[in-house]
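Trainee: Submitted below is the structure of interest, expressed as structure tokens.
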Amino acid sequence: MQGDALIKNPIQTALITVEHLQKQFSTKHGVVTAVDDVSFTVDKSETVALVGESGCGKSTVAMMLLGLLKSDGGRVTVEGVELGSSKKYLQKSLGRNLGIVFQNPYSSLNPKMRIRSVIAEPLKTAFSLRGKALDNQVDHLLGEVGLGREHMNRYPHEFSGGQRQRIAIARALALKPKLLILDEPTAALDVSVQAQVLKLLKDLQVELGLSYLFISHDLATVEYLSKRVMVMYLGRIVESASVEAIFTDPKHPYTRALLDSVPSIDPGKRDQLRTLSGEIPSPLHRPVGCSFAPRCRHTDQKCRSKLPELRTNGTDHQAACFHPLSSGA
Amino acid sequence: MSELVLDINGLNVQFPGLVRIVKAVRSIDLQVNAGRVMGLVGESGCGKSMTAMACLGLVPSPGVVSGSVKVDGFEVVGRPEKELGNLRGGKAAIIFQNPMKALNPFFSAGRQMIDAIRCHQPVTKKEARQAAMSSLHSVHLPDPALLLDKYPHQMSGGQIQRVMIAMALACRPEVIIADEPTTALDVTVQAQIISLLRELATEHSRTILFITHDLGVVASLCDQVAVMYAGEVVETGAVSDVFFNPRHPYTEKLMNTVPRLGQREQTLDFIPGQVPDMGFPPPGCAFHPRCDKATEICKQQQPGYRADGEQHKVACHHAG
Amino acid sequence: MNGAVTSPSTAEIHAGWALRTRAFASENKLFMAGGLIFLIILLAAFFAEWIAPYSPTKIAFAQKLQPPSLDHFMGTDKFGRDIFSRVLYGAQTSLAIGALVTLGAILIGSPIGLIAGYFGGKVDTALMRVSDVFLAFPPLLLPISIVAAMGPGLVNAMIALAISWFPWYARIMRGAVLRVRKEPYIDAARAMGVGPTKIMMRHVTPNSLTPIIVQGSMDFGFTILAAASLSFIGLGARPPTIEWGLMAATARTQFLEHWWTALCPGFAIFLTVLAVNLVGDGLRDVLDPKHGTTE
Chain A
2 MQGDALIKNP
12 IQTALITVEH
22 LQKQFSTKHG
32 VVTAVDDVSF
42 TVDKSETVAL
52 VGESGCGKST
62 VAMMLLGLLK
72 SDGGRVTVEG
82 VELGSSKKYL
92 QKSLGRNLGI
102 VFQNPYSSLN
112 PKMRIRSVIA
122 EPLKTAFSLR
132 GKALDNQVDH
142 LLGEVGLGRE
152 HMNRYPHEFS
162 GGQRQRIAIA
172 RALALKPKLL
182 ILDEPTAALD
192 VSVQAQVLKL
202 LKDLQVELGL
212 SYLFISHDLA
222 TVEYLSKRVM
232 VMYLGRIVES
242 ASVEAIFTDP
252 KHPYTRALLD
262 SVPSIDPGKR
272 DQLRTLSGEI
282 PSPLHRPVGC
292 SFAPRCRHTD
302 QKCRSKLPEL
312 RTNGTDHQAA
322 CFHPLSSGA
Chain B
74 MSELVLDING
84 LNVQFPGLVR
94 IVKAVRSIDL
104 QVNAGRVMGL
114 VGESGCGKSM
124 TAMACLGLVP
134 SPGVVSGSVK
144 VDGFEVVGRP
154 EKELGNLRGG
164 KAAIIFQNPM
174 KALNPFFSAG
184 RQMIDAIRCH
194 QPVTKKEARQ
204 AAMSSLHSVH
214 LPDPALLLDK
224 YPHQMSGGQI
234 QRVMIAMALA
244 CRPEVIIADE
254 PTTALDVTVQ
264 AQIISLLREL
274 ATEHSRTILF
284 ITHDLGVVAS
294 LCDQVAVMYA
304 GEVVETGAVS
314 DVFFNPRHPY
324 TEKLMNTVPR
334 LGQREQTLDF
344 IPGQVPDMGF
354 PPPGCAFHPR
364 CDKATEICKQ
374 QQPGYRADGE
384 QHKVACHHAG
Chain C
3 MNGAVTSPST
13 AEIHAGWALR
23 TRAFASENKL
33 FMAGGLIFLI
43 ILLAAFFAEW
53 IAPYSPTKIA
63 FAQKLQPPSL
73 DHFMGTDKFG
83 RDIFSRVLYG
93 AQTSLAIGAL
103 VTLGAILIGS
113 PIGLIAGYFG
123 GKVDTALMRV
133 SDVFLAFPPL
143 LLPISIVAAM
153 GPGLVNAMIA
163 LAISWFPWYA
173 RIMRGAVLRV
183 RKEPYIDAAR
193 AMGVGPTKIM
203 MRHVTPNSLT
213 PIIVQGSMDF
223 GFTILAAASL
233 SFIGLGARPP
243 TIEWGLMAAT
253 ARTQFLEHWW
263 TALCPGFAIF
273 LTVLAVNLVG
283 DGLRDVLDPK
293 HGTTE
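From first to last, the protein sequence lines stand for chains A, B and C.
The numbering of the first sequence is the numbering used here, which starts it at 2 and goes up by one.
The numbering of the second sequence is the numbering used here, which starts it at 74 and goes up by one.
The numbering of the third sequence is the numbering used here, which starts it at 3 and goes up by one.
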């Protein structure tokens, strides 16, 4: 099956192992496959990035890991323990190992709750903390993200976007997760604030030994924060490699196109901007064969009839393509 | 010497309230010549969107606009509403950020385009339809005839944005104002729109005022750039000058806070503090509380422009 | 970490409450007007015993059907009772009706809408179809039927009205919940393991209250009107209860020659409903999260 090669020795190093995850939605126009046979692992203290454009399924994967969406196939194992089908078990155990930071800082905090209550909620729910112990822990968590006691009694709308995102991070850390899912955490922030939050995330990773599943469409931010990168297109992983390999030696034409589409801040490099023709096809009408074929410059008959699987060339670098790009392409 | 298509002088946009007056735009000067692409860049709250609105007389009430904005010689500030109808979509066209909300969901794209064209030109429906189709063609949309009958919910974000550009082009405006048109789009679609706008600028000599917070997009598309902070233009000049040689501390720091592709192990800089409340901007230079080069004079006096060469201007007491 | 972290509205807070109240008042003129009138009515009802020049129940046939004068501000009715005093005491009844019926409808309807909106699916369909049955009746027909079955009287009328009114709140609540349920902070709470009950109480409800409050403040007036209508046809308040609708009903036979007997209680109803509607309209602007921001 696709992706078997991606699963390293699951018992030894991996914190979380995802195998053949599947998700379909039935809409009135037909069945939409949002996530198709996605497998990967994340090690301890590792940052793995899930990269792709709209409709690629990356947020759906996150929702399934958290148990907010039920998967239609595949399984997820956290520290060797498979996340069971019992709903209660699922929620409780997930609450201890996975946290999430959402994209929109303006809607990920309850506008009617004071910051103290926002951070206290997970502590009360998962650890049944009360009174002084609760207060101290809230204070500690706020300090971790650079905020203080004076902020505890305020409401979210009194804070800026960057500060709200820090509060969201503090809330996620409250459950002492081993893995933090970051769903486009800086996309809605100003550029100068973005850097603050990214630095915070990096520092926290070192201090707490956290793993991150970093979901983003912004390749430059991904490069700054991640160790491994997986590129998704229309619900499937099309390439997976270390961050150096992905950015210097991409094998899948879509990855190449993504990299070429990012406008460089260097005005001298403006002619290096390459456009990819066409648009992402509707998930209702997935192309037969390789889903990227209609937009790819190197297709042939095989691409349009058969679905390529992730194949490795012996190293950790895998691409789902019948004609992977050679180095230096 | 090409003519001035957009001439902004001493533009002020304020929102008075009993508690405080929010000064969104504080006396800015901006000049754009014909056939140039000027990027207006800044973070949220810097006043760039309000500047765009002021160019078309679209500042929402209770906003008060003072100063001068001339579009191809036509003064916008102080014009009564009925005279502005001619300007909007005629001499100056605007493209907004969110394509999904830009078109009326009840009408087909074609209907809206034809309505817009017939607003400004005395043509029949058939002629307008022809003009619309040729406009759609120039933005490289396949099957323009089919597209005219499509409804907004049947089109993707990228397609709608192209339709908006086509609508903007249809009446041959002197200047196109684009307010963050690619922010809500996927990166590959953004690249397509950037490429399209570049083509329009170079091959068809269109004048564009492009507003964004994305420095990379400015570098790829614009000839000139004006950097805004807290309602003021702090630095302006040719893109290559400003980006390779930023002279304002804010511009310099801003360039260093953006992660760049292809640089592993980079150290990201960040600017401490946050953007000031525009109801109570700091005295003197608005950036001084966050600037590491600030001295006494910065706290008291607003800096005027210093020019390095003819085009590269900086508003700073300690410009490099 | 970074330097001083100042909240964006600190400056506003420093501007002092007097200035902010003035600003609020000038921006919400209708709200203030309605609020003022309502306050006067409330005070009048509260202090009726002290303000009323005469006893509302004292019968004096010698003074019957006198037009408004300095002695009797609103004239007298067919029993010689001072109408102004009766209107003041009637305010107590009417305000109580408005509050109790509206509150009752909210307390019945909101939980239904909450559960229907949050859980969706079959639960939603079942609950909404049941409340749709109540909505299908033409206005006032349902309360009339219920009162007819229970027997006339003010309390029964109030119960009937509350039962007829709750489906609106079920609908409003459901609409608000559908919107709030999609917000990321709900996902965040679920991801933390917070149970559905706590999510509904702590996260969904507080954020869904605005439309309920707005509608409730306007319904306050309409319920008074509905109760008055029921009294008018003899199904609501009965003597000796003092209620504006009942006063108008009793005046039916003399109204043409003695206009004040029906018009004065009618005017009281009108004023109350107007005041409450203004407050309700203004309340929407006050509670709207976008209120007061100028970007």
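A virtual CB, placed ideally from N, CA and C, is assigned to each residue, including glycine.
Bear in mind that the values here come from a model prediction, so they are computed numbers and not experimental data.
#1: Just to confirm before moving on: does the CB-CB distance between serine 231 of chain C and leucine 248 of chain C stay below 8 Å?
#2: So leucine 32 of chain C and alanine 54 of chain C are supposed to be a Cβ contact under 8 Å. How far apart are they, rounded?
#3: Which stretch, first to last residue, makes up the beta strand (DSSP E) that contains arginine 372 of chain A?
#4: Within its chain, find whatever has a CB closer than 6 Å to the CB of methionine 152 of chain C; leave out the 5 residues flanking it on each side and keep chain order.
#5: Report all residues from its chain with a CB closer than 6 Å to the CB of proline 145 of chain C; omit the five preceding and five following residues, and keep chain order.
#6: Looking at C-alpha atoms only, which residue of A/Ile17, A/Lys29 and A/Val36 is the closest neighbour of isoleucine 238 of chain A?
#7: If you compare alpha carbons, which of A/Leu285, A/Leu308 and A/Pro284 is closest to alanine 294 of chain A?
#8: Would you list the residues sitting across from threonine 34 of chain A in a DSSP beta bridge?
#9: In chain order, what residues of the same chain lie with their CB nearer than 7 Å to the CB of alanine 392 of chain B, ignoring the 5 residues before and after it?
#10: How far does the beta strand (DSSP E) with asparagine 106 of chain B in it reach, from first residue to last?
#11: Hey, does proline 195 of chain B have any beta-carbon neighbour from chain A nearer than 8 Å?
#12: Is there a C-beta anywhere in chain A that falls below 8 Å from the one on isoleucine 101 of chain B?
#13: Using beta carbons (cut-off 8 Å, strictly below), is asparagine 30 of chain C in contact with chain A?
#14: Cα-Cα, which of C/Ala62, C/Ile148 and C/Arg88 is closest to alanine 46 of chain C?
#15: Determine, using beta carbons only, whether proline 362 of chain B comes closer than 8 Å to chain A.
#16: With H, G and I counted as helix, E and B as strand and the rest as coil, what does DSSP make of serine 278 of chain A?
#17: Please confirm if tyrosine 120 of chain C has its CB atom under 8 Å from at least one CB of chain A.
#18: Which one or two residues does DSSP pair with isoleucine 168 of chain B in a beta bridge?
#19: If you draw a straight line from the C-alpha of alanine 64 of chain C to the C-alpha of arginine 83 of chain C, how long is it?
#20: Going by the beta-carbon positions, is the gap between glycine 304 of chain B and proline 356 of chain B smaller than 8 Å?
#21: Pick out the complete alpha helix (DSSP H) segments inside the region 128-191 of chain C, 4 residues or longer, and give them in chain order.
#22: Let's see if you can read the secondary structure: which residues bound the alpha helix (DSSP H) around tyrosine 120 of chain C?
#23: Near alanine 239 of chain C, which residues of its chain fall below 6 Å by C-beta distance, leaving aside the five closest residues on each side in sequence?
#24: Determine the burial state of asparagine 318 of chain B: buried for a count of at least 16 other Cβ atoms within 10 Å of its Cβ, exposed for fewer.
#25: Grab the span of the beta strand (DSSP E) containing serine 217 of chain A for me, first residue to last.
#26: Quick check: the Cα distance between glycine 335 of chain B and glutamate 224 of chain A, rounded to an integer number of angstroms?
#27: Would you decide whether alanine 218 of chain B is buried or exposed? Buried here means 16 or more other CB atoms lie within 10 Å of its CB.
#28: Which residue or residues does DSSP assign as beta-bridge partners of glutamate 20 of chain A?
#29: Check the C-beta distance from glycine 53 of chain A over to leucine 176 of chain A and give it rounded, since I have them as a contact under 8 Å.
#30: When you compare the region 202-211 of chain B with the region 151-170 of chain B, are there three or more beta-carbon pairs, one atom per stretch, that lie closer than 8 Å?
#31: Given this structure, state the Cα-to-Cα distance separating threonine 28 of chain A from lysine 133 of chain A, to the nearest angstrom.
#32: Applying the criterion that 16 or more other CB atoms from any shown protein chain within 10 Å of the CB defines a buried residue, is isoleucine 174 of chain C buried or exposed?
#33: Can you tell me whether isoleucine 235 of chain C is buried or exposed, with buried defined as 16 or more other CB within 10 angstroms of its CB?
#34: Out of curiosity, what's the CA-to-CA distance linking leucine 211 of chain A and arginine 192 of chain C?
#35: So, does the region 60-76 of chain C touch the region 129-146 of chain C, judging by three or more C-beta pairs under 8 Å?
#36: Helix, strand or coil for glycine 218 of chain C? Go by DSSP, reduced to three states.
Mentor: The answer reads as follows:
#1: As a first step, residue 231 of chain C is located in the third sequence; it is residue number 229 there, counting from the start. As a first step, residue 248 of chain C is located in the third sequence; it is residue number 246 there, counting from the start. Not closer than 8 Å, so no.
#2: In the third sequence, the residue the question calls residue 32 of chain C occupies position 30. In the third sequence, the residue the question calls residue 54 of chain C occupies position 52. Leucine 32 of chain C to alanine 54 of chain C, Cβ: 30 Å. No contact.
#3: Limits of chain A in this structure are 2 at one end and 330 at the other, which puts residue 372 of chain A out of reach.
#4: Looking up residue 152 of chain C in the third sequence gives position 150. If we look at methionine 152 of chain C and ignore the five residues flanking it on each side, its Cβ neighbours are Asn158.
#5: For the purposes of this step, residue 145 of chain C is identified with residue 143 of the third sequence, where counting begins at 1. Ala162, Leu163 and Ser166.
#6: If you number the first sequence from 1, residue 238 of chain A lands on position 237. Among A/Ile17, A/Lys29 and A/Val36, the Cα nearest to that of isoleucine 238 of chain A belongs to A/Val36.
#7: Translated into the one-based positions of the first sequence, residue 294 of chain A becomes position 293. The shortest Cα separation from alanine 294 of chain A among A/Leu285, A/Leu308 and A/Pro284 belongs to A/Leu308.
#8: Within the first sequence, the letter at position 33 stands for residue 34 of chain A. According to DSSP, which records beta bridges pairwise, threonine 34 of chain A is partnered with A/Gln25.
#9: Here residue 392 of chain B refers to the residue found at position 319 when the second sequence is read from its first residue. Hits under 7 Å: Arg320, His321 and Arg379.
#10: Counted from its first residue, the second sequence places residue 106 of chain B at position 33. Run containing asparagine 106 of chain B: 94-106, per the beta strand (DSSP E) assignment.
#11: Working through the second sequence from its first residue, we reach residue 195 of chain B at position 122. Answer no: the Cβ-Cβ gap between proline 195 of chain B and chain A never drops below 8 Å.
#12: Here residue 101 of chain B is taken as the residue at index 28 of the second sequence, counted from 1. Answer no: the Cβ-Cβ gap between isoleucine 101 of chain B and chain A never drops below 8 Å.
#13: Start at 1 with the first residue of the third sequence, and residue 30 of chain C comes out as number 28. No, because no Cβ of chain A sits closer than 8 Å to the Cβ of asparagine 30 of chain C.
#14: To locate residue 46 of chain C, count along the third sequence from 1; it is residue 44. The shortest Cα separation from alanine 46 of chain C among C/Ala62, C/Ile148 and C/Arg88 belongs to C/Arg88.
#15: Reading the second sequence from its first residue, position 289 is the one you call residue 362 of chain B. It does not; no Cβ of chain A falls within 8 Å.
#16: Reading the first sequence from its first residue, position 277 is the one you call residue 278 of chain A. Residue state, collapsed to three classes: coil.
#17: By 1-based counting over the third sequence, the position of residue 120 of chain C is 118. Chain A contact via Cβ: absent.
#18: Position 95 of the second sequence holds residue 168 of chain B. According to DSSP, which records beta bridges pairwise, isoleucine 168 of chain B is partnered with B/Ala251.
#19: In the third sequence, residue 64 of chain C corresponds to position 62, counting from 1. In the third sequence, residue 83 of chain C corresponds to position 81, counting from 1. If I take the Cα positions, the gap works out to 10 Å.
#20: The residue you call residue 304 of chain B lines up with position 231 of the second sequence. The residue you call residue 356 of chain B lines up with position 283 of the second sequence. For glycine 304 of chain B and proline 356 of chain B, no; Cβs fall outside 8 Å.
#21: 143-152 and 156-182
#22: Counting from 1 along the third sequence, the entry for residue 120 of chain C is found at position 118. Segment 85-121, the alpha helix (DSSP H) holding tyrosine 120 of chain C.
#23: Within the third sequence, numbered from 1, the residue matching residue 239 of chain C stands at position 237. Same-chain partners within the cutoff: Leu156, Ser233, Glu245 and Leu248.
#24: Here residue 318 of chain B corresponds to residue number 245 of the second sequence, with the count starting at 1. It counts as exposed.
#25: The count along the first sequence starts at 1 and reaches residue 217 of chain A at position 216. Taken as a continuous stretch (DSSP letters only), the beta strand (DSSP E) holding serine 217 of chain A covers 212-217.
#26: Taking the first residue of the second sequence as 1, we reach residue 335 of chain B at position 262. Taking the first residue of the first sequence as 1, we reach residue 224 of chain A at position 223. Looking at the two C-alpha atoms, the distance is approximately 8 Å.
#27: What you label residue 218 of chain B is simply residue 145 of the second sequence in a count that begins at 1. Exposed, since its Cβ has fewer than 16 Cβ neighbours within 10 Å.
#28: As a working note, residue 20 of chain A is residue 19 in the first sequence. The partner list for glutamate 20 of chain A (beta bridge, DSSP) reads A/Arg76.
#29: As a position in the first sequence, residue 53 of chain A is number 52, starting the count at 1. As a position in the first sequence, residue 176 of chain A is number 175, starting the count at 1. So it is not a contact: roughly 27 Å between Cβ atoms.
#30: no
#31: Taking the first residue of the first sequence as 1, we reach residue 28 of chain A at position 27. Taking the first residue of the first sequence as 1, we reach residue 133 of chain A at position 132. One C-alpha to the other measures close to 50 Å.
#32: As a first step, residue 174 of chain C is located in the third sequence; it is residue number 172 there, counting from the start. So isoleucine 174 of chain C counts as buried.
#33: Indexing the third sequence from 1 puts residue 235 of chain C at position 233. Under this definition isoleucine 235 of chain C is an exposed residue.
#34: Counted from its first residue, the first sequence places residue 211 of chain A at position 210. Counted from its first residue, the third sequence places residue 192 of chain C at position 190. If I take the Cα positions, the gap works out to 22 Å.
#35: no
#36: Within the third sequence, numbered from 1, the residue matching residue 218 of chain C stands at position 216. Three-state result, glycine 218 of chain C: helix.
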